[in-house]
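Asks:
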Amino acid sequence: MTVTNMKSVGIRSRARGSWPVFAAALAVGMLAGTAPRAEAVVATGGTVTEMTDAGGTNWIIHTFTTVGTTNLTVTSSGSVDVLVVAGGGGGGRAGGGGGGGGLVCSNAFPVVAGNTYTVTVGAGGAGATARTTRGSNGNPSTFGSIVAMGGGGGGSYLEGNGPGLAGGSGGGGTFRNNTLSVGQNLGGAASPSGQGYAGGNGSTAATPALGAGGGGGAGAAGGSTTTATGGNGGAGLSYSISGTATFYAGGGGGGATTTAGTGGTGGGGNGSKDGAHATAGTANTGGGGGGSRDNPNTGFGGNGGSGIVIIRYPETLVVENVGPVIQLW
0 MTVTNMKSVG IRSRARGSWP VFAAALAVGM LAGTAPRAEA VVATGGTVTE MTDAGGTNWI
60 IHTFTTVGTT NLTVTSSGSV DVLVVAGGGG GGRAGGGGGG GGLVCSNAFP VVAGNTYTVT
120 VGAGGAGATA RTTRGSNGNP STFGSIVAMG GGGGGSYLEG NGPGLAGGSG GGGTFRNNTL
180 SVGQNLGGAA SPSGQGYAGG NGSTAATPAL GAGGGGGAGA AGGSTTTATG GNGGAGLSYS
240 ISGTATFYAG GGGGGATTTA GTGGTGGGGN GSKDGAHATA GTANTGGGGG GSRDNPNTGF
300 GGNGGSGIVI IRYPETLVVE NVGPVIQLW
């Protein structure tokens, strides 16, 4: 029988807990003086997948895509990477594109064993079906104390409803001619700051040069316009937390009489021109809905895309200070 002394042993195991690792150690002839300590997080909730990055690190990924509230339950403490994207704003009728949902990314969010963390995936805002309303703001997405605000709704062509709404990224403003007052074409602000960009301004020229502003995105402001071409939606941001580089939270394109604006990368919906419905933002990207141009009295703003929450952490476990090891053969 041989007795040796070991400071630490690295163990990679699909069974992520102290006792399964202890049992595995015993099975190969190692009896630890103290119970192994897991350095990796262990959690349940959402759709769980695994991926290995280029450096060889194996990651556990929890993805939440269903609109509503659920939980992540943590059974081993540590830190996690988190991406939280809110629902995108709805596009305006005869108006601006919806803003992309607010986006928050954290690379070292601490979690504690025994705690349950609330996870909320926000719905996208409704596109405007009448000029009497603007596109609706998207709904917030959350993970624990992290809150991403919904994208701002796009403005519609009616006095008082023209400006885009503030949100994670702001909605685009409607077009303005002689029938609307000054300021009715302005894009909405990004609020709070740091989650996205402002929406673009619509044109101020007389008919027929009517183009609405694009919704802001997580990576860029929505496009403004001075012509009958709608502003493009602001670009979103790309993250590889899911294992694949994906853009999130693009703004919706603005409606126009001649050429509608295109949605921003990251699920932003395209705007529409005379009489057509605008395109919705893509589900689970937080993309804003496109704005429409409703001549002759048809054409709705697109709905915003729903949000998403993604959490990941490394699978590798480290066993430390295991004391004397007894080899049984």
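Under numbering that gives the first Met the number 0, the first residue of the sequence shown is numbered 0, with each subsequent residue one higher. Where a beta carbon is used, it is the ideal one built from N, C-alpha and C, also for glycine. It should be emphasised that the depicted structure is a prediction, and the values quoted were computed from it without experimental measurement.
1. Specify, as a first and last residue, the run of the beta strand (DSSP E) that Asp80 falls within.
2. Determine, using beta-carbon pairs with one atom in the stretch 93-105 and one in the stretch 56-67, whether at least three such pairs fall under 8 Å.
3. Around the C-beta of Ala408, are 16 or more other C-beta atoms found within 10 angstroms, so that it is buried, or is it exposed?
4. How big is the Cα-Cα spacing for Gly182 and Phe142?
5. Would you call the stretch 254-265 in contact with the stretch 109-123, where contact means no fewer than 3 C-beta pairs closer than 8 Å?
6. How do the stretch 162-174 and the stretch 121-140 stand: do at least 3 beta-carbon pairs fall below 8 Å, yes or no?
7. With H, G and I counted as helix, E and B as strand and the rest as coil, what does DSSP make of Tyr312?
8. Determine the contact status of Gly289 and Gly251, defining contact as a CB-CB distance below 8 Å.
9. Please go through the stretch 80-131 and give each complete beta strand (DSSP E) segment of 3 or more residues, from N-terminal end onward.
10. Quick check on the DSSP output: the beta strand (DSSP E) that includes Ile59 runs from which residue to which?
11. Kindly indicate which residue of Leu236, Gly210, Gly218 has the alpha-carbon position closest to the one of Gly91.
12. Which same chain residues end up closer than 8 Å to Gly298 when comparing Cβ atoms and leaving out the 5 residues on each side of it in sequence?
13. Any idea if Ser239 is buried or exposed, counting beta-carbon neighbours within 10 angstroms, 16 or more meaning buried?
14. Go ahead and pull the three-state DSSP assignment for Ser279.
15. Does the Cβ of Val83 have 16 or more other Cβ atoms within 10 Å, making it buried, or fewer, making it exposed?
16. Identify whether Leu236 lies in helix, strand or coil by the three-state DSSP scheme.
17. Only counting the same chain, and skipping five residues up and downstream in sequence, which positions put a Cβ closer than 6 Å to that of Thr284?
18. Compute the Euclidean distance between the alpha carbons of Phe108 and Val81, then round it to the nearest angstrom.
19. What does a CB cutoff of less than 8 Å around Thr51 pick up in its chain, not counting 5 residues either side in sequence?
Replies: Looking at the coordinates:
1. 77-84
2. No contact exists between the stretch 93-105 and the stretch 56-67.
3. With the chain covering 0 to 328 only, the question about residue 408 has no answer from this structure.
4. Cα to Cα, the separation comes out at about 37 Å.
5. By the criterion of at least three beta-carbon pairs nearer than 8 Å, the stretch 254-265 is not in contact with the stretch 109-123.
6. yes
7. strand
8. Result yes, Cβ atoms of Gly289 and Gly251 sit closer than 8 Å.
9. Restricted to the stretch 80-131, the beta strand (DSSP E) segments that are unbroken, complete and at least 3 residues in length are 102-110, 115-120, listed in chain order.
10. Element bounds for Ile59: 57-63.
11. Gly210
12. Arg92, Ala93, Gly254, Ser271, Asp273, Gly274, Ala275, His276, Ala277, Ser291, Arg292
13. exposed
14. Before going on, a small fix: residue 279 reads as Ala here, not Ser. Correct three-state label for Ala279: coil.
15. buried
16. strand
17. Tyr247, Gly265, Gly266, Gly304
18. 7 Å
19. So the list reads Asn57, Trp58, once near-sequence residues are dropped.
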